[in-house]
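Numbering (the numbering used here), first residue to last: 17 to 321.
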């Protein structure tokens, strides 16, 4: 039905009135989506809270700039940068650190938890620029071994390839920790024991208690696995990566990319590598805004979205 001129005027007035009322409400109550308070990270025993992209220095007890961070990282031999494996922002930060350190350290190497030592020949081919992406993924059995979407790591690995940076696989074959967890280290076969590190240190109380808490929250694992086997598997995993770092460090600097759990409080890989190398290192833990972390979780805490 066609509207009369009078009804058209009425409709336009109603629309204008609704628009005006809505505008007044937003002016009086500025709590729309765009005005929502941003989440911040809190650090235990620090009064101030920190917004996304803040880099907090545990030593100084305050934020530092990216340039200040890089200046300090350049003063040591090993930089550990943690990650949540599926966090795009955290991988971007890892790349930014690698790029900045590479400017001052052309002999820089990058060690990655994502690859195990049996693929080192393929990693060398990648660093030399001899493989395209598809061939590389097939040769390292990316989705069978690591499983996470390659897009999270593509930019990092492309930078490594373009600049012929030595890429080091830190891990041991994934079935080794799995078999220790399920059957104990004593039941490994002889051909599996060759992947074990020379030293296996199960003496760190804080590390043990952290993993006991993890163990207690996994009911399906707890029902079939003994805690000592569970803990030994983790220690073998981290001592083996520490040993690989020591074996490949030489006289150069290295950036190590690993899950946050492997670097937190330094009791996973960092302290174990230090026992083998004695060289200075720093840890960068990436934490999302909206949570609280302990100040000594790392040398630096980078707040992510």
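Ideal placement from N, C-alpha and C gives every residue a C-beta, glycine not left out.
Item: Proximity below 8 Å, CB of residue 224 to CB of residue 92; Value: no
Item: Residue of 247, 302 and 154 minimising C-alpha distance to residue 274; Value: 302
Item: Same chain, Cβ closer than 6 Å to residue 129, neighbours up to 5 away in sequence not counted; Value: 186, 187 and 274
Item: Beta-bridge partners of residue 275, as assigned by DSSP; Value: 99
Item: Runs of beta strand (DSSP E) lying entirely within the stretch 249-300, each at least 3 residues, in chain order; Value: 270-275
Item: Residue 291 versus 276, 307, 258 and 314, residue with shortest Cα-Cα distance; Value: 258
Item: Straight-line gap, residue 88 to residue 64 (C-alpha atoms, nearest Å); Value: 23 Å
Item: Alpha carbon of residue 278 to alpha carbon of residue 70, nearest angstrom; Value: 22 Å
Item: Contact check, residue 305 vs residue 75, beta carbons under 8 Å; Value: no
Item: Buried or exposed (CB count within 10 angstroms, at least 16 for buried), residue 254; Value: buried
Item: Integer-rounded CB distance, given that residue 124 should sit under 8 Å from residue 296; Value: Between residue 124 and residue 296 the Cβ distance is about 15 Å, and since that is not below 8 Å, they are no contact.
Item: Nearest-angstrom beta carbon gap, residue 216 and residue 184 [assumed within contact, 8 Å]; Value: The Cβ separation is near 21 Å, so there is no contact.
Item: Separation of residue 262 from residue 289, as counted between CA atoms; Value: 6 Å
Item: Rounded distance between the beta-carbons of residue 319 and residue 96, thought under 8 Å; Value: Residue 96 to residue 319, Cβ: 18 Å. No contact.
Item: Three-state class that DSSP yields for residue 190 in the structure shown; Value: coil
Item: Contact set for residue 122: own chain, Cβ-Cβ below 7 Å, skip 5 residues either direction; Value: none
Item: Start and end residues, beta strand (DSSP E) containing residue 78; Value: 78-80
Item: Candidates 80, 146 and 161, of which the one nearest residue 194 by Cα; Value: 161
Item: Endpoints, alpha helix (DSSP H) assigned at residue 112; Value: 104-120
Item: Span separating the alpha-carbon of residue 85 from that of residue 94; Value: 14 Å
Item: As assigned by DSSP and simplified to three states, the class of residue 199; Value: helix
Item: Segments assigned beta strand (DSSP E), at least 3 residues, entirely inside the stretch 123-147; Value: 125-132
Item: Simplified DSSP state of residue 87, which is helix, strand or coil; Value: helix
Item: C-beta contact flag for residue 68 and residue 321 at 8 Å; Value: yes
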